[in-house]
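>
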Amino acid sequence: MRIALFEPEIAGNVGAVMRLGACMGTAVDLIEPMGFAWDDRRVRRAAMDYIDHVSVTRHSGVSPFHASLGQSRLILFTTKASQSIYDFAFEPDDVLLFGKESAGVPDTVAQSCHARVRIPMRAEVRSMNLASSAALALGEALRQTGGLPG
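Numbered per the working numbering, the sequence shown spans residues 593 to 742.
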């Protein structure tokens, strides 16, 4: 299982997702361009020393990212989906895709995904923080597939 971030804009979120990947044994894919310089100290501050325990792959765009998927399914997490992550059957090789903080993913990227799912939340709010969403989603996906560490 992998976590993929489409054009992330906030260095701290990327660092937090990298730390999540390190803790859960999950690789992280970053689809550029990003909204900050890769060497931004905020990435390292959020990831802390966990940065050395996660596999991170940077992709120069969507096409190189798609080429890296092989037979893996691409699962998009979006507030626009109707299917809950708790009613979806994850597979061990799934790639969990999250859009950029300000705009999600463009329709062309959404259409290229094998499935679109949402994290249930109250109707009065717009969305969760990217790193919080990734943590909830990855936890459920790993739980379902028997991939939780420890």
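Every residue gets a Cβ at the ideal spot worked out from N, C-alpha and C, and that includes glycine.
Could you round the C-beta distance between M640 and G739 to whole angstroms and report it? I think they count as a contact, below 8 Å.
Between G739 and M640 the Cβ distance is about 23 Å, and since that is not below 8 Å, they are no contact.
> Please state the DSSP three-state secondary structure of D677.
It is Ile, not Asp, that sits at residue 677 in the sequence shown. I677 falls in the helix class under three-state DSSP.
> Tell me the residue span of the beta strand (DSSP E) that contains L688.
Run containing L688: V687 to F690, per the beta strand (DSSP E) assignment.
> Output the distance between the C-alpha atoms of D699 and Y642, rounded to the nearest integer angstrom.
Taking the straight line joining both Cα atoms gives about 34 Å.
> Suppose you measure from the CA of G604 to the CA of D679; what does that come to, to the nearest Å?
Cα to Cα, the separation comes out at about 30 Å.
> Taking the alpha helix (DSSP H) that D699 falls in, what are its first and last residues?
Counting along the chain, the alpha helix (DSSP H) containing D699 begins and ends at D699 to Q703.
> Does S725 pass the burial test, meaning 16 or more other C-beta atoms within 10 Å, or should it be called exposed?
With 16 or more Cβ atoms within 10 Å of its Cβ, S725 is classed as buried.
> Can you tell me whether K692 is buried or exposed? The criterion is at least 16 other CB atoms within 10 Å of its CB, across all chains shown.
Buried is the call here.
> Report yes or no: do three or more beta-carbon pairs, one from the region 644–658 and one from the region 604–621, lie closer than 8 Å?
Because the criterion of three Cβ pairs below 8 Å is met, the region 644–658 and the region 604–621 touch.
> Hey, could you find the ends of the alpha helix (DSSP H) H658 is sitting in?
H658 -> alpha helix (DSSP H) spans V654 to A659.
> Taking a contact to mean a Cβ-Cβ separation below 7 Å, would you say S652 touches E683 in this structure?
Not a contact, by the Cβ cut-off of 7 Å.
> Would you call E599 buried or exposed, if buried means 16 or more other Cβ atoms sit within 10 Å of its Cβ?
Buried, by the Cβ-count rule.
> Closest by CA to I711, which one among L722, Q663 and L612?
Answer by Cα proximity: L722.
> Find the nearest neighbour of S704 within the set L612, A629, M626 and S655, judged by alpha-carbon distance.
Considering only alpha carbons, the answer is S655.
> I believe L668 touches V635 by the beta-carbon criterion, under 8 Å. Please report the beta-carbon distance rounded to the nearest angstrom.
Between V635 and L668 the Cβ distance is about 24 Å, and since that is not below 8 Å, they are no contact.
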